[in-house]
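S.K.:
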Amino acid sequence: MRSIKCVVVGDGAVGKTCLLLSYTTNSFPGEYVPTVFDNYSANVMVDREPININLWDTAGQEDYDRLRPLSYPQTDVFLVCFSLISPASFSNVKSKWIPEIKHYCEDLPIVLVGTKIDLRDDQDTLMKLEEKNLEPISYQQGMELGKEIGAYQYIECSSLTQKNLKSVFDCSIKAVLNPQDKKEKKKEKTNKLFNHVAIKIISKKKFILKQKSKEQLVREMKILRLMNHSNVIRLFDVFSNETHFFIVMEFVNGGVDYCHQLQIVHRDLKLENVLIDQEMNIKIIDFGLSNFVEKGQLLKTYCGSPSYSCPEILSRRKYDGFKADVWSLGVILYALIVGKLPFNADNPMKLYKKIVTGSYLIPNFVDKEAANLLSAMLCVDPKKRITIEQIKKPSLY
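Residue 12 in the UniProt record's numbering sits at position 12 of the sequence shown, and the numbers go up by one each step.
1. What residue range is occupied by the uninterrupted beta strand (DSSP E) comprising residue 105?
2. I think residue 157 touches residue 165, with their Cβ atoms under 8 Å apart; what is that distance to the nearest whole Å?
3. How big is the Cα-Cα spacing for residue 60 and residue 168?
4. Starting from residue 154, trace the beta strand (DSSP E) both ways and give me its first and last residue.
5. Any idea which residues DSSP pairs residue 115 with across the strands?
6. By the 10 Å Cβ neighbour count, where 16 or more other Cβ atoms means buried, how is residue 291 classified, buried or exposed?
7. Do you know whose CA, among 15, 88 and 41, lies nearest residue 5's CA?
8. At 4 residues or longer, what runs of the alpha helix (DSSP H) sit wholly inside the segment 332-391?
9. Considering just the uninterrupted stretch of the alpha helix (DSSP H) at residue 142, what are its terminal residues?
10. What distance in whole Å lies between the Cβ atoms of residue 10 and residue 81, which are believed to be in contact at a cut-off of 8 Å?
11. How many angstroms separate the CA atom of residue 138 from the CA atom of residue 18?
12. Return yes when the Cβ of residue 171 is within less than 8 Å of the Cβ of residue 93, no when it is not.
13. Please name the residue in 379, 384, 308 and 392 whose C-alpha comes closest to that of residue 352.
14. To which residues of the same chain is residue 126 closer than 6 Å at the C-beta, ignoring the five residues directly before and after it?
15. Within the same chain, show all residues whose beta-carbon is closer than 6 Å to that of residue 334, passing over the 5 residues directly before and after it, in chain order.
16. Excluding sequence positions up to five away, which residues of its chain have a Cβ less than 7 Å from the Cβ of residue 161?
17. Straight-line CA distance for residue 87 to residue 103?
18. Determine, using beta carbons only, whether residue 171 comes closer than 8 Å to chain B.
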């Protein structure tokens, strides 16, 4: 079955979400809910060919101008929407939406959609517009704009009554299957955007009573901005609106040494924070507990995950962040080789005792060199624990 990606753009509150919900669920939503990103899907038959149309809803508000284009890669067709009872949204088609689309995705078909046709002749609506010396957009105005922007077609519809609703999406599919330019155009993998990214969305409410959390986030961003290494997750952008922070990072379908060279300790190394991309490269993520340190500086913040924490942290003693990272790496390496964590217990106190006494077993099937390395990394005495530099020299263990 052929799949078509259709992205819907336009000003906030012009009815984009209602358009998609009415089409995919055959019902009109009861209340308006602003969208950041949302996805819908429908299977349809076009000229006896089954088509899966993936519909991407986007936010029209200015707060999301930097976030919205992340949904554009691999798009096949755009629905550019304006409200027939909002002259401002009509004007923004030419001044905002077409330039944005052309900037990121040249030569893709566009279907221009005038929404809320059921309100164009509504008396209450007309009176409100008249009070502002405004009037609804006519069919002729929409047609002229469609020609001006080179739209594949202009259609007016109503999500409430579903008038012409099906025609909007049938037209978007035909715009892809039967483009106006008969020459087949190769769909480029966009080089103006990242093909895939991960977006961490954090509510600002979290920081109202927790100043420490805000400081931690700022520190994490500073650390990620500093780093550029194949084994460390990349930070692309950070921005915010009134309610949320948005952190745009590399999407992951030898960085510890690099961190330590920059005098950065991670302090939360664990299996969950080590990812592997599609080319089998290791990526370290989540620098929320990381910190800048000087050589010889001892830290006192109790942090990290207990099963991966070194004895000195669990004992609430001051600790060397670099040596703490090595211990955590030792736990990860043990789990990768043996298939389970070295320290397991059915309650926190038993786990604590096992870790601070270094009570773990290395199975016989682990070869001598690997066993020696594990012992050197999981050494209870931090002064005797191996360093990252020494790990790179097998002759030292």
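Every residue gets a Cβ at the ideal spot worked out from N, C-alpha and C, and that includes glycine.
Treat the numbers as computed from the prediction; the structure is a model and nothing was measured.
M.R.: Working from what's here:
1. Counting from 1 along the sequence shown, the entry for residue 105 is found at position 105. Unbroken run through residue 105: none, as it is neither H nor E.
2. What you label residue 157 is simply residue 157 of the sequence shown in a count that begins at 1. What you label residue 165 is simply residue 165 of the sequence shown in a count that begins at 1. Contact between residue 157 and residue 165 holds, with the beta-carbon distance rounding to 5 Å and staying under 8 Å.
3. Along the sequence shown, one-based indexing puts residue 60 at 60. Along the sequence shown, one-based indexing puts residue 168 at 168. Distance between the alpha carbons of residue 60 and residue 168: 19 Å.
4. One-based indexing of the sequence shown puts residue 154 at position 154. Where residue 154 is concerned, the enclosing beta strand (DSSP E) starts and stops at 153-156.
5. As a position in the sequence shown, residue 115 is number 115, starting the count at 1. Residue pairing for residue 115: DSSP places it in a beta bridge opposite 83.
6. Translated into the one-based positions of the sequence shown, residue 291 becomes position 291. Under this definition residue 291 is a buried residue.
7. To locate residue 5, count along the sequence shown from 1; it is residue 5. Per the Cα distances, 41.
8. 348-357, 368-377 and 388-391
9. To locate residue 142, count along the sequence shown from 1; it is residue 142. It spans 139-149 - the alpha helix (DSSP H) in which residue 142 sits, taken as one unbroken run.
10. Residue 81 sits at position 81 when you count from the first residue of the sequence shown. Residue 10 sits at position 10 when you count from the first residue of the sequence shown. 3 Å between Cβ atoms; contact.
11. Locating residue 138 in the sequence shown gives position 138, where the first residue counts as 1. Locating residue 18 in the sequence shown gives position 18, where the first residue counts as 1. Roughly 21 Å separates the two Cα atoms.
12. Taking the first residue of the sequence shown as position 1, residue 93 is located at position 93. Taking the first residue of the sequence shown as position 1, residue 171 is located at position 171. Contact: no.
13. Within the sequence shown, the letter at position 352 stands for residue 352. Minimum Cα distance to residue 352 is reached at 308.
14. For this step, residue 126 is matched to residue 126 along the sequence shown. Beyond the five residues adjoining it in sequence on each side, residue 126 comes within less than 6 Å, by CB distance, of no other residue in the same chain.
15. The residue you call residue 334 lines up with position 334 of the sequence shown. These residues qualify, in order along the chain: 342 and 374.
16. For this step, residue 161 is matched to residue 161 along the sequence shown. Here residue 161 has 118 as same chain residues with Cβ atoms under 7 Å from its own Cβ, once five neighbours each way along the sequence are excluded.
17. Start at 1 with the first residue of the sequence shown, and residue 87 comes out as number 87. Start at 1 with the first residue of the sequence shown, and residue 103 comes out as number 103. Straight across, the Cα-Cα distance linking residue 87 with residue 103 is about 24 Å.
18. The structure shown contains no chain B; it holds only a single protein chain.
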